Amino acid sequence: MQDAQLVSVAQALISAWVPVTLALTLAVALSLYHCVERKPVDIDPSMDIDYFMLSGAPLPRPLPDFDLDRAKPRPYRPFRWRYHQTMALAPLEHDWWIELESTYKFRVNQRQYLYTKHGSAVLQSMPGSEAACKEMMYMVIQFLCARYPNHFQFDKNTCGFTNRILGTSDDIDTVHPLQFLLNNVPEDFLVTQKDPGTGEYFLRAAVCCSAIGFNMTGKMGRPLREIHGPVPDYEWKLKTSVDKFFDRMPVEKPIQRGSWSFEVGQPLYLQANDPEYMEHKRENPNLRIEDVYLRIDWQTLRRLPQSKAILFNFKALFTPVTQLQEEPYIPQLILKVLKEGPASIKKYKGWSHLEHRLLPALEVYARDQVSRGLVPEGWQERTLDEQPFFPGWQSVSG
Ligand code: HEM
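Written out as structure tokens, the structure is:
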């Protein structure tokens with residue numbers, strides 16, 4: 101049986117109300133089949149398909165009373181010690197694939213402005229990615245409507261998607277999926293597809309506004325190994341494991357990981373030739389610690405169940421460094437990584453221009469946490485059990 105026929109059989113069973121477990125089993129078997137075969141599939145994405153059922157990954161639990169204005173992002177702190185340059189992957193917490201919080205409107209506006217200003221450097225796609233892009237949009241819509249039912253609705257009869265936060269609607273038959281994402285989700289979405297000839301995964305479509313020092317013009321159409329060219333040690337430490345991981349990644353097991361850096365202010369998009377970029381990287385003796393932010397790029401990866409493309413999406417979250425004084429163990433752990441982590445990582449992440457202010461502040465916070473009894477005297481730095489969070493993190497999240 102051809103892949104497309106198998107997809108139709110599963111859809112037919114699901115829509116004919118074959119018991120859920122049976123349909124689910126079939127869907128999982130189907131997705132494993134796809135994973136093993138990896139043939140190009142003649143697919144026809146549609147909102148009639150339940151993409152979560154098809155993938156075997158659950159839909160999120162609904163938050164019917166979700167209050168966007170009061171929602172804070174979860175305080176991701178993906179710091180590890182000993183520091184090893186590994187893939188550092190964890191299973192995705194399904195409810196949290198797309199996490200909305202109180203900066204939603206500001207970020208959507210900011211991202212639309214960046215697109216108006218930089219065009220294809222932040223949003224572009226290549227021929228052959230159309231079906232994967234549609235599938236991605238449908239999956240995002242199904243997630244948003246299930247998770248935040250008071251904010252988003254989809255009408256099957258009109259194909260209209262309503263965003264009650266912004267008071268907008270999109271006809272999903274006519275809108276480009278990347279434009280839809282730009283207008284409704286303040287996250288970056290990058291679609292990679294396997295080249296049947298080389299077996300490598302290439303970037304084929306993206307909306308990506310959270311980019312310091314790179315952009316989509318330089319990355320589009322390139323394989324993962326070239327995309328990661330500037331990342332220290334990628335070629336010899338990460339390339340083989342990332343390639344293997346991509347090849348084997350099952351549809352029902354999406355994953356999450358975090359990347360971190362420190363910035364002055366909250367720059368989302370900066371290019372090396374911007375005058376602002378030089379200013380941003382300049383050491384300023386008068387820098388105030390209040391102006392230094394921890395930036396976390398919280399990332400997820402999932403294989404799309406129909407097209408088999410791998411979707412990489414992430415959001416940039418900024419936290420004032422001053423807030424870390426209330427987060428047990430985090431200042432001391434960060435100090436260890438900053439002081440004793442590999443020099444190549446320090447150069448790539450580029451924080452030397454602010455360490456004259458950052459390190460002394462973290463030292464004060466770490467000593468203060470010991471004197472307040474939040475951290476035991478003589479604690480030896482190690483990856484926390486609560487990683488990517490910290491003990492008591494719920495009290496600082498919304
Ligand atoms: C298991 C999958 C992946 C791993 C382990 C990984 C790892 C990394 C690491 C270690 C960095 C350096 C920043 C950091 O500390 O995190 C990085 C940067 C980056 N990654 Fe990935 N990555 C993965 C997947 C992807 C995918 C699918 C894409 C896009 C198609 C991507 C695009 C990028 C880009 C654009 C950068 C910035 C590179 C630059 O500075 O020019 N990554 N990645």
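Per the working numbering, the very first residue in the sequence shown carries number 101; after that it's consecutive. Ideal placement from N, C-alpha and C gives every residue a C-beta, glycine not left out. Since the model is a prediction, treat every value here as computed from it, not as a measurement.
Report all residues from its chain with a CB closer than 7 Å to the CB of residue 271; omit the five preceding and five following residues, and keep chain order. For the purposes of this step, residue 271 is taken as the residue at position 171 of the sequence shown. So the list reads 259 and 260, once near-sequence residues are dropped.
Going by DSSP, which residues form a beta bridge with residue 412? To locate residue 412, count along the sequence shown from 1; it is residue 312. In the DSSP output, where bridge partners are listed per residue, residue 412 has 290 and 401.
In or out: residue 247 buried (at least 16 other Cβ within 10 Å) or exposed? If you number the sequence shown from 1, residue 247 lands on position 147. Buried.
To the nearest angstrom, how far is it from the Cα of residue 411 to the Cα of residue 224? Residue 411 sits at position 311 when you count from the first residue of the sequence shown. Residue 224 sits at position 124 when you count from the first residue of the sequence shown. Cα to Cα, residue 411 sits roughly 15 Å from residue 224.
Rounded to the nearest angstrom, what separates residue 302 and residue 469 at their Cα positions? Translated into the one-based positions of the sequence shown, residue 302 becomes position 202. Translated into the one-based positions of the sequence shown, residue 469 becomes position 369. Their backbone Cα atoms lie some 46 Å apart in a straight line.
List the endpoints of the continuous alpha helix (DSSP H) containing residue 250. For the purposes of this step, residue 250 is taken as the residue at position 150 of the sequence shown. Looking at the DSSP string, residue 250 is not in any alpha helix (DSSP H), and its letter there is neither H nor E.
Drop a sphere of 10 angstroms on the beta-carbon of residue 408, count the other beta-carbons inside from all chains shown, and report buried for 16 or more, exposed for fewer. Residue 408 sits at position 308 when you count from the first residue of the sequence shown. Buried, because 16 or more other Cβ atoms sit within 10 Å of the Cβ of residue 408.
Alpha carbon of residue 485 to alpha carbon of residue 362, nearest angstrom: Position 385 of the sequence shown, counted from the start, is the residue given in the question as residue 485. Position 262 of the sequence shown, counted from the start, is the residue given in the question as residue 362. Approximately 23 Å, taken between the alpha carbons.
Express the C-alpha separation of residue 209 and residue 188 in angstroms, rounding to a whole number. For the purposes of this step, residue 188 is taken as the residue at position 88 of the sequence shown. For the purposes of this step, residue 209 is taken as the residue at position 109 of the sequence shown. Using only the alpha carbons, I get a separation of about 32 Å.
Around the C-beta of residue 356, are 16 or more other C-beta atoms found within 10 angstroms, so that it is buried, or is it exposed? As a position in the sequence shown, residue 356 is number 256, starting the count at 1. Burial call: buried.
Using CA coordinates, which residue listed in 445, 162 and 304 is at the minimum distance from residue 226? Position 126 of the sequence shown, counted from the start, is the residue given in the question as residue 226. Nearest of 445, 162 and 304 to residue 226, Cα basis: 304.
Enumerate in chain order the residues of its own chain whose CB-to-CB distance from residue 403 is below 6 Å, with the five nearest sequence positions on each side excluded. What you label residue 403 is simply residue 303 of the sequence shown in a count that begins at 1. For residue 403, where only same-chain residues beyond five positions count, the Cβ hits under 6 Å are 349, 351 and 410.
Given 8 Å as the limit, is there contact between the segment 437 to 455 and the segment 329 to 349, that is, 3 or more CB pairs closer than that? yes
The segment 306 to 318 touching the segment 270 to 287, judged by at least three CB pairs closer than 8 Å: yes
Top-ranked residue by Cα proximity to residue 296, from 290, 269, 347 and 250: Your numbering for residue 296 matches position 196 in the sequence shown. For residue 296, the nearest C-alpha among the options comes from 347.
Check whether the segment 170 to 181 and the segment 364 to 376 are in contact - that is, three or more C-beta pairs closer than 8 Å. no
Looking at the ligand HEM, does it come within less than 6 Å of residue 149, judged from the CB to the closest heavy atom? Locating residue 149 in the sequence shown gives position 49, counting from the first residue. No - the ligand HEM has no heavy atom lying nearer than 6 Å to the Cβ of residue 149.
Using the three-state DSSP reduction, which class does residue 139 fall into: helix, strand or coil? As a first step, residue 139 must be located in the sequence shown, where it is residue number 39. The pLDDT assigned to residue 139 is 47, lower than 50, so where the model puts this residue is not dependable; a value taken from the coordinates is nonetheless given after this. Coil at residue 139, not helix or strand.
Kindly indicate which residue of 392, 315 and 364 has the alpha-carbon position closest to the one of residue 422. Translated into positions along the sequence shown, residue 422 becomes position 322. Minimum Cα distance to residue 422 is reached at 392.
Tell me whether residue 314, by its Cβ, gets closer than 6 Å to a heavy atom of the ligand HEM. To locate residue 314, count along the sequence shown from 1; it is residue 214. Residue 314: yes, Cβ under 6 Å from the ligand HEM.
Consult DSSP for residue 215 and reduce its assignment to one of helix, strand or coil. What you label residue 215 is simply residue 115 of the sequence shown in a count that begins at 1. Residue state, collapsed to three classes: helix.
With 16 other Cβ atoms within 10 Å as the buried cut-off, status of residue 164: Working through the sequence shown from its first residue, we reach residue 164 at position 64. Under this definition residue 164 is an exposed residue.
Just how far apart, CA to CA, sit residue 162 and residue 243? Taking the sequence shown and counting its residues from 1, the one referred to as residue 162 is at position 62. Taking the sequence shown and counting its residues from 1, the one referred to as residue 243 is at position 143. Going by the C-alpha atoms only, they are around 9 Å apart.
Beta carbon of residue 431, beta carbon of residue 462: below 7 Å? Reading the sequence shown from its first residue, position 331 is the one you call residue 431. Reading the sequence shown from its first residue, position 362 is the one you call residue 462. Yes, the Cβ-Cβ distance between residue 431 and residue 462 is below 7 Å.
Quick one: what's got a C-beta closer than 6 Å to residue 185's C-beta in the same chain, skipping five residues either side? Position 85 of the sequence shown, counted from the first residue, corresponds to residue 185. These residues qualify, in order along the chain: 333 and 337.
How big is the Cα-Cα spacing for residue 414 and residue 358? What you label residue 414 is simply residue 314 of the sequence shown in a count that begins at 1. What you label residue 358 is simply residue 258 of the sequence shown in a count that begins at 1. Their Cα atoms are separated by approximately 9 Å.
Would you call the CB atoms of residue 339 and residue 322 closer than 7 Å? In the sequence shown, the residue the question calls residue 339 occupies position 239. In the sequence shown, the residue the question calls residue 322 occupies position 222. It is not a contact, given that the beta carbons lie outside the stated cut-off.
If contacts are defined as beta-carbon pairs under 8 Å, then residue 183 and residue 441 qualify, I think. What distance do you get, rounded to the angstrom? Within the sequence shown, numbered from 1, the residue matching residue 183 stands at position 83. Within the sequence shown, numbered from 1, the residue matching residue 441 stands at position 341. Yes, residue 183 and residue 441 are in contact; Cβ-Cβ is about 5 Å, under 8 Å.
Same chain, Cβ closer than 8 Å to residue 193, five either side skipped, listed in chain order: For the purposes of this step, residue 193 is taken as residue 93 along the sequence shown, with counting starting at 1. Excluding residues within five positions, the ones whose Cβ falls inside 8 Å are 356.
Taking Cβ positions, are residue 234 and residue 286 nearer each other than 7 Å? For the purposes of this step, residue 234 is identified with residue 134 of the sequence shown, where counting begins at 1. For the purposes of this step, residue 286 is identified with residue 186 of the sequence shown, where counting begins at 1. Cβ distance not < 7 Å, so residue 234 and residue 286 don't count as in contact.
Does at least one heavy atom of the ligand HEM sit under 6 Å from the Cβ of residue 303? As a first step, residue 303 is located in the sequence shown; it is residue number 203 there, counting from the start. Residue 303 Cβ: within cutoff of the ligand HEM.
Rounded to whole angstroms, what is the Cα-Cα separation between residue 479 and residue 455? Within the sequence shown, numbered from 1, the residue matching residue 479 stands at position 379. Within the sequence shown, numbered from 1, the residue matching residue 455 stands at position 355. Spanning the two alpha carbons is a distance of roughly 23 Å.
Measuring alpha carbon to alpha carbon, tell me which residue in 232, 354, 236 and 368 is nearest residue 195. Here residue 195 refers to the residue found at position 95 of the sequence shown. Minimum Cα distance to residue 195 is reached at 354.
DSSP has residue 369 in a bridge; who is on the other side? Here residue 369 corresponds to residue number 269 of the sequence shown, with the count starting at 1. In DSSP, residue 369 forms a bridge with 311.
Sequence-distant residues of the same chain with beta carbon closer than 7 Å to residue 314, five excluded per side: Residue numbering aside, residue 314 sits at position 214 when the sequence shown is read from its first letter. Within the same chain, residue 314 has no close Cβ partners at all.
Going by alpha carbons, who is nearest to residue 190 out of 466, 154, 300 and 345? Residue numbering aside, residue 190 sits at position 90 when the sequence shown is read from its first letter. Residue 190 has its Cα closest to that of 345, out of 466, 154, 300 and 345.
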